[in-house]
Structures are given as C-alpha cells and as structure tokens.
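Residue numbers (UniProt numbering): 1 to 314.
Here it is as structure tokens:
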C-alpha cells in the first residue's frame, strides 16, 4: 500500500542538513506529520522558522535513550548519516536498533525505513562509504521493511555562485581560476539534490513497491572528468574557467578549516578519514548508472547545465 501522507508520522533523523532541506522542499506540504531530529538549539530555531508545522526534536544519536525517544511514535524513518563523523556507523546502527526495538514492542508500527547511503558502500578505502555499508547490513538484518538509496557525487557540493563571484578587477573577462581538492581529470558520476529528493519522494510515497530494494541514484548518464563538470557548470553563465589542483596538504587544510575553523581544532579521526578520502579521489571517482534514477522519477536526470541554471535562477 502507498503511504498515507496525512496521518503517517515521518521522521527525518538529521533534519537540518542540505539533503534534508532539499527533501523537505518536495515533501511539504503534502506530508502533514513530520518530525525533524536536530542536534543543536540553533538548528532547532532555524527549522522552526522554515517549517513551522513540523515537530522539532533535539536528539543525540550517541545516546540510545535519546534515539529511542526520537523514533518513538513514528511510522516512517528517513535516515541520513553524518558523513566523516568518526562514529557514523555506530550512530546509524543505533537508529536501526532503536527502530527495530520499537517495532518489536508495537508490531507493524514502523512501516518503512529509508536509508540514504552512498554509491559504492563496498569501497573500504573510503571511511564514510565503509561506515554506510555497515549501516546497510544492520538494516538488512533488522526485520524492518526498508529501502536503501545510494546517491553518487553531488553536483550541489560545487560552490557555483561563489566561484562565479570571483572577478579580475583589471580584466573582468579573464578566466576564473579554480583549484580542485582532487585531481580534476578523475572521472566520476554525479547526482543533483533535486533528482535525489524526487527519487526519495517516490520511494516514500509508493512505499511497499520499493520494499527491500537498493537503488543507485545518478543523474548523469555518462561519467565525466571533474574538469569537464566544472567547465560546463561555469560555462552556463558564459564564463571561462581554468581548473587546477590544490595539492593534497592544501586540500586537507581547506576542508578542516571549513569543518572545525582551524586545523589545530580538528578531530584526529576526522582528519584521518578526510585524508584517506582525498587520496582516493585523486585516483578514482564514483562511477554509477542513471538507469534506476530515471525509472524512479520518470524522466532523465538533470544535466550539468540544467542544474547550473537552477542554481543561478536562469
């Protein structure tokens, strides 16, 4: 049976992330009964302003009692794992275990558990992929009705507007200089948050048809070098770009400063995971097929140019 979007209570475990906001944009207002998990008071205040009809619950995924409270009384769970968190697998498995326990106490109360994983969870060299693979395993063995989504590399991670904001004061027509955090010739497959969210909406609303399925979510029908993606995205605004490589140490420092504010404050386990991830991306991309996404959403995935025009409002 399809979901009852007026009465089923949907929990999004990490409600304040970019993926969650994109998903909510396609679920609201059809879904009337939504609970959003948050970790901080700031996130709670922001989500209350953006989604006043949603129930906001502050939760600590490290604390089983907090997780049990988070899943209590819900019917559908959509779980995003916090990428690069050193205990991402533990957090995800804790959510699965709490949901399974809730379902044993009240048989049938958990009608669907959807896990947003990643393309290639078998890749043990990538810590966040390996963590998500362990959560997938726990979900498969939980006894819960589940669906696993495996998105590719997200176009939305590229800061297109910020890049286009760069301009040479002496020569406004000069090419933009962009340094990638990995070697730009590496080939990968991309997905957009819009396509990913629409696919998730279909899975959530059609429900039973997608029980026990694993879907790879890729928008681009042919993998492409990262440099091609950047050139096409920037070219949508009729600008030229010269793409280079930051170098490994500079790339690590760049992300640690974004996450922690400085390299000195970085969590050693997060640093280790980030280093391993960037080393991998220097030589291998995430490759996937767009076939399953196209079937789910009933259309071709967004092209680079379509995504860029959406971002820029063109």
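Where a beta carbon is used, it is the ideal one built from N, C-alpha and C, also for glycine. Owing to the predicted nature of the structure, the values given are computational and were not obtained by experimental measurement.
Original post:
Taking the DSSP output, what are the residues bridged to residue 83?
Top reply: Numbered from its first residue, the chain shown carries residue 83 at position 83. Answer by DSSP bridge pairing: none, since residue 83 is not bridged.
Subject >> Counted within 10 angstroms of its Cβ, other Cβ atoms place residue 112 as buried (16 or more) or exposed >> reply: Sequence index remark: in the chain shown, residue 112 carries index 112 (1-based). Classification for residue 112: buried.
Subject >> Between the CA atoms of residue 107 and residue 160 - distance to the nearest angstrom >> reply: In the chain shown, the residue the question calls residue 160 occupies position 160. In the chain shown, the residue the question calls residue 107 occupies position 107. Rounded to whole angstroms, residue 160 to residue 107 spans 47 Å at the Cα level.
Subject >> residue 103 burial status per 10 Å Cβ neighbour count (16 or more: buried) >> reply: On the chain shown, residue 103 is found 103 positions in, with the first residue counted as 1. Buried, because 16 or more other Cβ atoms sit within 10 Å of the Cβ of residue 103.
Original post:
Taking the alpha carbon of residue 155 as the point to measure from, which residue in 17, 196, 28 has its own alpha carbon closest?
Top reply: On the chain shown, position 155 is the one that residue 155 refers to. Out of 17, 196, 28, 196 has the C-alpha closest to the C-alpha of residue 155.
Original post:
First and last residue of the beta strand (DSSP E) that includes residue 179?
Top reply: Mapped onto the chain shown, residue 179 falls at position 179. For residue 179, the uninterrupted beta strand (DSSP E) segment begins and ends at 176-180.
Subject >> Sequence-distant residues of its chain with Cβ nearer than 7 Å to residue 109 (five each side left out) >> reply: As a working mapping, residue 109 is identified with position 109 in the chain shown. Around residue 109: 75, 102, 103.
Original post:
Taking the C-alpha atoms as reference points, what is the distance between residue 188 and residue 253?
Top reply: The residue labelled residue 188 in the question sits at position 188 within the chain shown. The residue labelled residue 253 in the question sits at position 253 within the chain shown. Whole-angstrom Cα-Cα distance: 23 Å.
**OP:** Report yes if the C-beta distance between residue 132 and residue 88 is below 9 Å; otherwise report no.
**Re:** Start at 1 with the first residue of the chain shown, and residue 132 comes out as number 132. Start at 1 with the first residue of the chain shown, and residue 88 comes out as number 88. In this structure, residue 88 lies closer than 9 Å to residue 132 by Cβ.
**OP:** Check whether the stretch 295-304 touches the stretch 216-234, taking contact to mean three or more Cβ pairs, one atom from each stretch, closer than 8 Å.
**Re:** Short answer: they touch.
Original post:
When the Cβ atoms of the stretch 273-280 are set against those of the stretch 233-253, are three or more pairs found closer than 8 Å?
Top reply: Yes, the stretch 273-280 touches the stretch 233-253.
Subject >> Three or more C-beta pairs below 8 Å linking the stretch 32-39 and the stretch 7-14 >> reply: Judged by Cβ distances under 8 Å, the stretch 32-39 makes contact with the stretch 7-14, as three or more pairs qualify.
**OP:** State the Cα-Cα distance for the pair residue 24 and residue 203, rounded to the nearest angstrom.
**Re:** Translated into the one-based positions of the chain shown, residue 24 becomes position 24. Translated into the one-based positions of the chain shown, residue 203 becomes position 203. Cα to Cα, residue 24 sits roughly 14 Å from residue 203.
Original post:
The alpha helix (DSSP H) with residue 127 in it runs from where to where?
Top reply: Along the chain shown, read from residue 1 onward, the residue named residue 127 stands at position 127. Going by DSSP, residue 127 is part of the alpha helix (DSSP H) stretching over 127-140.
Original post:
Is the beta carbon of residue 115 less than 9 Å from the beta carbon of residue 85?
Top reply: As a position in the chain shown, residue 115 is number 115, starting the count at 1. As a position in the chain shown, residue 85 is number 85, starting the count at 1. It is not a contact, given that the beta carbons lie outside the stated cut-off.
Subject >> residue 1 versus residue 210: straight-line alpha-carbon distance, rounded >> reply: Within the chain shown, residue 1 is the residue found at index 1, counting from 1. Within the chain shown, residue 210 is the residue found at index 210, counting from 1. When rounded, the distance between both Cα atoms is 11 Å.
Subject >> DSSP-derived helix/strand/coil call for residue 226 >> reply: Here residue 226 refers to the residue found at position 226 of the chain shown. DSSP places residue 226 in helix when its eight states are reduced to three.
Original post:
Hey, which unbroken runs of the alpha helix (DSSP H) at 4 residues or more fall wholly within the stretch 50-101?
Top reply: Residue ranges of uninterrupted alpha helix (DSSP H) with 4 or more members, entirely inside the stretch 50-101 and ordered along the chain, are 64-71.
Original post:
Taking C-beta to C-beta, are residue 307 and residue 245 nearer than 9 Å?
Top reply: By one-based count along the chain shown, residue 307 stands at place 307. By one-based count along the chain shown, residue 245 stands at place 245. Going by beta carbons, residue 307 and residue 245 fall outside the 9 Å limit.
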